[in-house]
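Visitor: A single structure is presented below for examination.
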Amino acid sequence: MGQKTIVVGAGPVGALAALYAAQRGHEVEVYELRSDLRDPSTTPLNFTKSINLALSERGINAIKCSGRADLLESIIGETIPMRGRMIHGRDKSGELYEQGQDYDIHGRTLYAADRGGLNKILLDELESLPNVKFFFNHKLTGADFRKHTAWFEVTNKTTASQGRHKEIEVNFDFLIGADGAHSSTRYHLMKYTRMDYQQEYIDTLWCEFQITAKPVKSGQDENSRFSISQHHLHIWPGKEFMFIAIPSLDGSFTCTLFMPSSHFSALESNPSTLPTFFNTHFPGVTSLIPPKDLITSFTTNPHLPLLSIKCTPYHFLSSAVILGDAAHAMVPFYGQGMNAGLEDVRFLFSILDKHSSPNSDQETDTKVRATALAEYSEFRTRDAHAINDLALQNYVEMRASVVSPVYKGRKWLEEK
Ligand code: FAD
């Protein structure tokens, strides 16, 4: 029997890690707190329809290196290329303007992806493999990383309604914790390794809105369902806050308002002022989202916090490692949280591969894995911390610097 690798968390990072492990012949078990997200009754992460993400080179490369033919094509096929950002505002004469700023002079793009959709493709791919088993509704509650044992609380509809839970014990050779920003794996890992840990909530909350797709009349171009350019990430910078819109394949846009908590509180106490607030700070949005819908989204959708986490090391001996948000949750302004998590998977397995040798016995495998995990922690910490810092800095870039004269100057030069 092959090495038993258990993955905690079936988000994008856990699912890709499971795929990499399965491709190497491990017996893989995936444990996920929630029910299967492919089941329409599953509450999505963050309790909204789904967040749209920018998939970029880091993530694309990691998917490409999974060794699964056609996987990248399937994922990219469900995305929309975004060539740049589109800045919206009002000029001195009061006219609405939009200004495109390309990401790359060679025309390379980011891809707008539906987080849930991307996750589903990865889970479908895993399901097709004989050496992968899923355990949904299993929540990691404890782990003994010396004894290679973990405990999971199992819930189903009946036990949950009766307030009863069953606990199971699972043995493993190697545990990969990809259980997100509030990682239980990380919490238990801290008891085994001298982990430095830093957590910061920034004073910004986010709330989701939708620009709906326009109906397409017969004979009309399919692209006419998009109200604004579908090949841009749209930004309404507001200096202290911002509103963004990312295209979806169905012609709608998933929009996010990022704003300090004090502004949220002020608007919560008087939501009817929201359209005026938008007209002042995000000109043009109320012609894309009717004021009634703006208010409904604001009062119905959650106002969620943003967290930045740095820690190190990420592993304990040969037993466990944390990846993705569990290791380095970051604020979303650099569009790299998931991408960096997917990249973790690629780096982790390339280091494990470098150290492994065919036909070695279990004892050697264990030693080699401990060496590889130590190298991974050492190698990855600096990059992960740097990406976290860049993500924080890019908030200023997106909400304020995009309207600085530097960009206007560049545009002027391009036009010359
Ligand atoms: P998660 O997606 O959090 O998945 C963790 C999984 O573990 C979940 O399924 C959870 O149910 C499960 N779990 C949790 N606890 C347990 C437990 N105890 N036992 C078992 N299972 C458990 N990133 C980008 O790259 N580009 C973007 O454009 C981008 N935009 C963003 C916009 C917003 C508004 C936000 C909030 C984030 C954005 N991100 C973006 C970040 C991205 O969403 C995360 O980095 C990514 O989802 C992390 O993936 P993950 O698999 O590590 O963790």
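Those letters in the sequence shown? Residues 1 to 416, per the UniProt record's numbering, in order.
All C-beta atoms in this analysis are idealised placements derived from N, C-alpha and C, irrespective of residue type, glycine included.
In this structure, does DSSP put N270 in helix, strand or coil?
Guide: coil
Visitor: Do the CB positions of K310 and N388 come within less than 8 angstroms of each other?
Guide: Closer than 8 angstroms, so yes.
Visitor: What do you reckon, are the CB atoms on A18 and V8 nearer than 8 angstroms?
Guide: Taking 8 angstroms as the Cβ cut-off, A18 and V8 do not qualify as a contacting pair.
Visitor: Reducing DSSP to helix, strand and coil, say where R85 ends up.
Guide: strand
Visitor: Any heavy atom of the ligand FAD within a distance shorter than 7 angstroms of the CB on A10?
Guide: yes
Visitor: Closest to E208 by C-alpha separation, out of R194, M242, I228, K217, would be which residue?
Guide: M242
Visitor: Span of the beta strand (DSSP E) holding P237?
Guide: 232-237
Visitor: Give me the Cβ distance between N119 and A213, rounded to the nearest whole Å; I'm assuming they're in contact under 8 angstroms.
Guide: That belief does not hold up - the Cβ atoms of N119 and A213 are roughly 22 angstroms apart, past 8 angstroms.
Visitor: Report yes or no: do the region 50-60 and the region 320-338 share at least 3 C-beta pairs separated by less than 8 angstroms?
Guide: yes
Visitor: With F172 and I6 assumed to form a contact (beta carbons below 8 angstroms), what rounded beta-carbon distance in angstroms separates them?
Guide: 4 angstroms
Visitor: Keeping to the same chain, check which residues put their C-beta closer than 6 angstroms to that of V170; ignore five residues upstream and five downstream.
Guide: A150
Visitor: Please find out if some non-hydrogen atom of the ligand FAD comes closer than 7 angstroms to the beta-carbon of P332.
Guide: Result yes, Cβ under 7 angstroms from the ligand FAD.
Visitor: Evaluate A320 with the Cβ neighbour count: other Cβ atoms within 10 Å of its Cβ, from every protein chain shown; 16 or more gives buried, anything less gives exposed.
Guide: buried
Visitor: Once you ignore the five residues that flank N137 on each side, which residues in its own chain have a CB closer than 8 angstroms to its CB?
Guide: E32, L33, R34, S35, V154, T155, N156
Visitor: Pull up the distance between the alpha-carbon of Y20 and that of H303, whole angstroms please.
Guide: 35 angstroms
Visitor: How big is the Cα-Cα spacing for A62 and Q336?
Guide: Going by the C-alpha atoms only, they are around 13 angstroms apart.
Visitor: Which whole runs of the beta strand (DSSP E) in the region 129-193 are 3 residues long or more, in chain order?
Guide: 132-135, 138-144, 149-154, 166-171, 174-177
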